[in-house]
Amino acid sequence: MTSSRSPFSGSASIWMLAGLLLLAAAWIVPVNLKSVTPALLKEAGEGTSTVARLGRQLLDREKPGPAALVLAASRTLGDPQAPALATAIDNITHRQPELVPWGGWDPFLDPLFSLKENTGRSASTPVLTFFITEKSRAGLLAYLKNSRSQGVQTLLRVRDVPEAGRFVPATKPGGQTLDAVVLLSALLYQGDHFSAPLQRELRDLAQTAATQNNLGELEPAFIDLLSLGRRLDWIQLTELMRVTDSVKTTGEFAQLARAASDDLPVIYAAALLTGSADRVATYLLKYGRPGMDDLKLALTLGQGATEQLLARQVPVNRQPAPSFGPITLMALLYPKLALIAKYLGFLLGAFCVFRGLESLLFDDTGDRSLPRVKSGALAILTAALLVLGTEPFLLKTPAPSEFQLKLTIPVLANISDPASLTPTAPTFNMDTSTLFTIGFFALLQIGMYLYCLSKIREVDRQAVPALLKLRLMENEENLFDGGLYIGIAGTATALVLQVLGVIQPNLLAAYSSNLFGICCVALIKIRHVRPYKRSLILAGQAESKPVIAVA
Numbered sequence: 001m002t003s004s005r006s007p008f009s010g011s012a013s014i015w016m017l018a019g020l021l022l023l024a025a026a027w028i029v030p031v032n033l034k035s036v037t038p039a040l041l042k043e044a045g046e047g048t049s050t051v052a053r054l055g056r057q058l059l060d061r062e063k064p065g066p067a068a069l070v071l072a073a074s075r076t077l078g079d080p081q082a083p084a085l086a087t088a089i090d091n092i093t094h095r096q097p098e099l100v101p102w103g104g105w106d107p108f109l110d111p112l113f114s115l116k117e118n119t120g121r122s123a124s125t126p127v128l129t130f131f132i133t134e135k136s137r138a139g140l141l142a143y144l145k146n147s148r149s150q151g152v153q154t155l156l157r158v159r160d161v162p163e164a165g166r167f168v169p170a171t172k173p174g175g176q177t178l179d180a181v182v183l184l185s186a187l188l189y190q191g192d193h194f195s196a197p198l199q200r201e202l203r204d205l206a207q208t209a210a211t212q213n214n215l216g217e218l219e220p221a222f223i224d225l226l227s228l229g230r231r232l233d234w235i236q237l238t239e240l241m242r243v244t245d246s247v248k249t250t251g252e253f254a255q256l257a258r259a260a261s262d263d264l265p266v267i268y269a270a271a272l273l274t275g276s277a278d279r280v281a282t283y284l285l286k287y288g289r290p291g292m293d294d295l296k297l298a299l300t301l302g303q304g305a306t307e308q309l310l311a312r313q314v315p316v317n318r319q320p321a322p323s324f325g326p327i328t329l330m331a332l333l334y335p336k337l338a339l340i341a342k343y344l345g346f347l348l349g350a351f352c353v354f355r356g357l358e359s360l361l362f363d364d365t366g367d368r369s370l371p372r373v374k375s376g377a378l379a380i381l382t383a384a385l386l387v388l389g390t391e392p393f394l395l396k397t398p399a400p401s402e403f404q405l406k407l408t409i410p411v412l413a414n415i416s417d418p419a420s421l422t423p424t425a426p427t428f429n430m431d432t433s434t435l436f437t438i439g440f441f442a443l444l445q446i447g448m449y450l451y452c453l454s455k456i457r458e459v460d461r462q463a464v465p466a467l468l469k470l471r472l473m474e475n476e477e478n479l480f481d482g483g484l485y486i487g488i489a490g491t492a493t494a495l496v497l498q499v500l501g502v503i504q505p506n507l508l509a510a511y512s513s514n515l516f517g518i519c520c521v522a523l524i525k526i527r528h529v530r531p532y533k534r535s536l537i538l539a540g541q542a543e544s545k546p547v548i549a550v551a
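Here you go:
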């Protein structure tokens, strides 16, 4: 008889314990391929500036207009320093109420509009409200014509362009809107309020428009500046233009101001806090309303967290998971190395667990003809499932952003003319619930697979003739078909729950149970049962041969 041994003795327990420790260590590494964890953002934001602190810095520079928007953002985020910031803003507005409509003091505007005179306005006022009047435009034009800046003079030449697209030409009746926008852009240029890349791009576009007597590509840039000038006061606009690096970003920010007007203070504060309106606009136009929630989370954690989120341009993975300070810091400083270590931990941990199970199922001194568990293949499968389970955005395409400009034009296709039909490539997109369902069905079949192997081991250990072992194996045929039964039951249960409305309809997840069942039964019977039965038949034939006695 074969010697019996404790199921958790020797190398098996060591392998399994090491595997579980590796899996646990990999799980607490807060790094993902296509998402970022709150723990990582919290570590990045530790000790960095907050939104309310940004507001205080703006007040120290005598810019209550931007500080007021930042205050609205800090209140939305629940910043505990918001009341103190509100008190500071109230104090400065009471001391200098004449600066509130403009958002602060600007030496370029003071000689033109006498900023320290009371205009009768007590709240922040969009800058174009001042620039649209004929008197203001005449004063601005006279001032800017004396500028020695080539860029300013090039922008002023655009006033004489006869083809203005959606605008009325500035020199014709009704052209005061374009005239005000041209003067606004020229004054921003004169005051060096545009960032260097944006300044160069606008100068080149203005030069092209003046040469061709057509606004051309400058028209959408002016429309976007018009949209922002109708929402922001002078100082708010100048602060935004300093952190905007392209005409494209100006358009994206104007689109966000229109589509998410309620969240404009948060968007504005994020742009100033990170010093990049470009990355803020790109992130929100990519991820929409969920991206706004992620941005708010990062803003509550500080400047470092917000910069980390926008630098990676990925959503926040809100799955609950433990974190450990030194590991989180390592993941923040070396994200690629941490990601490799995490995936290797999943793979090696799964391999150790299955290697321990293999040691439990088979004796090292047992029958070599008995097939072994393929620890490597099972480890790769399990590691892949763990990666998918911890990476909810790995196979999930972001939903269309609610902030994108949508223009729907109905087009009728002639079905008799294949050339009029536009083929659409299928997208491979699965949500987290689908991945978890598929993973659950796969783990059920892995469990069934291991149980069948343990039954083969049990038969092999019997101290009986080979032909009797063969009959015992035939008696377990229904067990070896169990994976198929479980697969069919899983598919049927999933379909019934979908019909009853208990779970969301998803045929892929439902039929994956049946597919895994077929694969499990095929693997058991073809890879394990058939070779073992063959060895038993040969052994039985050898046992049945008569022994020839030697005289």
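Counting in full-length UniProt numbering, the sequence shown runs without a single skipped number right up to 551 at its last residue.
Glycine is no exception: its CB is placed at the ideal position from the N, C-alpha and C atoms.
Boundaries of the alpha helix (DSSP H) around residue 27: 11-27. Burial state of residue 468 is exposed, judged by a 10 Å Cβ sphere holding fewer than 16 other Cβ atoms.
Taking every protein chain shown into account, the CB of residue 308 has 16 or more other CB atoms within 10 angstroms, so this residue is buried. Here DSSP, grouped into helix, strand and coil, assigns residue 43 to helix. Annotation for residue 306: 45, 270, 273, 274, 295, 298, 299 place their beta carbon closer than 8 Å to its own, counting only its chain and skipping 5 residues before and after.
Assignment of alpha helix (DSSP H) within the region 36-119, counting only whole runs of 4 or more residues, yields 38-45, 51-60, 64-77, 82-95, 110-113 in chain order. The straight-line gap separating the alpha-carbon atoms of residue 543 and residue 465 is approximately 8 Å. Taking 8 Å as the cut-off, the beta carbon of residue 183 is found no closer than this to the beta carbon of residue 231. Judged by pairs of C-beta atoms under 8 Å, the region 512-525 touches the region 441-449, as three or more such pairs exist.
Looking at the DSSP output, residue 316 sits in a beta bridge with 36.
Our two residues, residue 311 and residue 36, have alpha carbons roughly 11 Å apart in a direct line.
When rounded, the separation of the alpha-carbon atoms in residue 88 and residue 56 is 8 Å. Boundaries of the alpha helix (DSSP H) harbouring residue 176: 176-190, taken from the DSSP string. Taking all protein chains shown into account, residue 315 has 16 or more neighbouring C-beta atoms within 10 Å of its C-beta and is therefore buried. For residue 216, no alpha helix (DSSP H) encloses it, and the DSSP letter there is neither H nor E.
Residue 123 is classed as exposed because its beta carbon has fewer than 16 other beta carbons within 10 Å across all chains shown. Here DSSP, grouped into helix, strand and coil, assigns residue 402 to coil. Around the Cβ of residue 128, a 10 Å sphere holds 16 or more other Cβ atoms; the residue is buried. In the DSSP assignment, residue 231 falls outside any alpha helix (DSSP H), carrying neither H nor E. In the DSSP assignment, residue 299 falls within the unbroken alpha helix (DSSP H) covering 277-301. C-alpha of residue 456 to C-alpha of residue 473: approximately 8 Å in a straight line.
With a beta-carbon spacing of about 15 Å, residue 506 and residue 392 fall beyond the 8 Å limit used to define contacts. Within the model, the alpha-carbon separation for residue 49 versus residue 387 is close to 34 Å. Around residue 134, the same chain offers 176 as residues with beta carbons nearer than 8 Å, after the five sequence neighbours per side are excluded. Just so you know, the alpha carbons of residue 289 and residue 518 end up roughly 42 Å apart.
The residue among 260, 248, 259 with its C-alpha nearest the C-alpha of residue 282 is 248. In this structure, residue 164 and residue 205 do not form a Cβ contact; the two beta carbons are roughly 14 Å apart against a cut-off of 8 Å. Using a Cβ distance threshold of 8 Å, residue 356 and residue 19 count as a contacting pair.
By the Cβ neighbour-count rule, residue 337 is exposed, with fewer than 16 other Cβ atoms within 10 Å of its own. In the displayed model, residue 163 falls within a strand according to three-state DSSP. In this structure residue 90 is exposed. Its beta-carbon is surrounded by fewer than 16 other beta-carbon atoms within 10 angstroms.
With a threshold of 16 other beta carbon atoms within 10 Å, residue 514 meets it and is buried.
With a threshold of 16 other beta carbon atoms within 10 Å, residue 502 falls short and is exposed. Nearest in C-alpha terms to residue 187, of all of 218, 219, 234, 211, is 234. Taking C-beta separations shorter than 7 Å and ignoring five residues to either side along the sequence, the partners of residue 27 in its chain run 321, following chain order.
Residue 404 and residue 14 have their alpha carbons spaced roughly 55 Å apart.
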